[in-house]
Amino acid sequence: MASYNLKVNGKKVSVNTDDDTPLLWVLRDELNLVGTKYGCGIGQCGACTVHIDGIAMRSCSVPASRMEDSEITTIEGLADEKLTPVQEAWKELDVPQCGYCQAGQIMTASSFLKQNPNPNNEEIRNAMHSNLCRCASYNRIEKAVALAAK
Ligand code: FES
Numbered sequence: 001m002a003s004y005n006l007k008v009n010g011k012k013v014s015v016n017t018d019d020d021t022p023l024l025w026v027l028r029d030e031l032n033l034v035g036t037k038y039g040c041g042i043g044q045c046g047a048c049t050v051h052i053d054g055i056a057m058r059s060c061s062v063p064a065s066r067m068e069d070s071e072i073t074t075i076e077g078l079a080d081e082k083l084t085p086v087q088e089a090w091k092e093l094d095v096p097q098c099g100y101c102q103a104g105q106i107m108t109a110s111s112f113l114k115q116n117p118n119p120n121n122e123e124i125r126n127a128m129h130s131n132l133c134r135c136a137s138y139n140r141i142e143k144a145v146a147l148a149a150k
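Read left to right, the sequence shown gives residues 1 to 150 (UniProt numbering).
Structural data, given as structure tokens:
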């Protein structure tokens with residue numbers, strides 16, 4: 001166990017963790033940022049998606065110990081004072097069903113739209129296809145990404 005300095009949602013924090021502890025568990029268990037969810041733990045479902053230097057990444061698959069030089073953003077830090085266009089679109093289209101995967105979906109969509117602000121439907125589908133939703137809210141997710149892009 002060692003101490004690491006991270007920057008999470010714009011704040012510097014010091015955490016004590018093992019070298020190989022996934023960032024997901026440091027966020028949830030050490031920093032109480034429980035919006036980031038555990039789904040599969042093996043990088044397959046997307047529930048744990050956060051932004052690392054603005055890029056969507058799966059926090060279950062990266063050790064927190066390697067994140068000292070990076071800016072980490074979780075769903076709790078995505079908006080400033082008002083919701084982002086992606087969050088507004090999610091709200092307007094009532095996207096979530098059970099809601100469990102939705103933070104990861106929103107983090108993936110937000111990063112994608114920064115890279116591609118005017119995507120077509122196929123690009124949206126491709127960008128979102130590896131974020132799984134057991135309730136199959138895919139249709140609403142795609143519509144919300146398109147709405148946020150407008
Ligand atoms: Fe990280 Fe599923 S929990 S991808």
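Think of the CB as a built atom: it goes at the ideal place given N, C-alpha and C, for glycine as much as any other residue.
For my contact list, alanine 103 and lysine 37 are in at a C-beta cut-off of 8 angstroms; report their separation, rounded to the angstrom.
For the purposes of this step, residue 103 is taken as the residue at position 103 of the sequence shown. For the purposes of this step, residue 37 is taken as the residue at position 37 of the sequence shown. Alanine 103 to lysine 37, Cβ: 6 angstroms. Contact.
Following the continuous beta strand (DSSP E) through methionine 67, name the residue where it begins and the one where it ends.
For the purposes of this step, residue 67 is identified with residue 67 of the sequence shown, where counting begins at 1. Going by DSSP, methionine 67 is part of no beta strand (DSSP E) at all; its letter is neither H nor E.
Check: tyrosine 138 C-beta below 7 angstroms from any heavy atom of the ligand FES
Position 138 of the sequence shown holds residue 138. Using a cutoff of 7 angstroms, the CB of tyrosine 138 does not count as near the ligand FES, since none of the ligand's heavy atoms is closer than that.
Buried versus exposed call for glutamate 81 [16 or more other C-beta atoms within 10 Å across all chains shown]
Stepping through the sequence shown from its first residue, residue 81 is reached at position 81. Its Cβ having fewer than 16 others within 10 Å, glutamate 81 is exposed.
How big is the Cα-Cα spacing for lysine 12 and alanine 47?
As a position in the sequence shown, residue 12 is number 12, starting the count at 1. As a position in the sequence shown, residue 47 is number 47, starting the count at 1. Approximately 24 angstroms between the Cα atoms of the pair.
Per-residue DSSP class, three states only, for leucine 6
Position 6 of the sequence shown, counted from the first residue, corresponds to residue 6. Strand at leucine 6.
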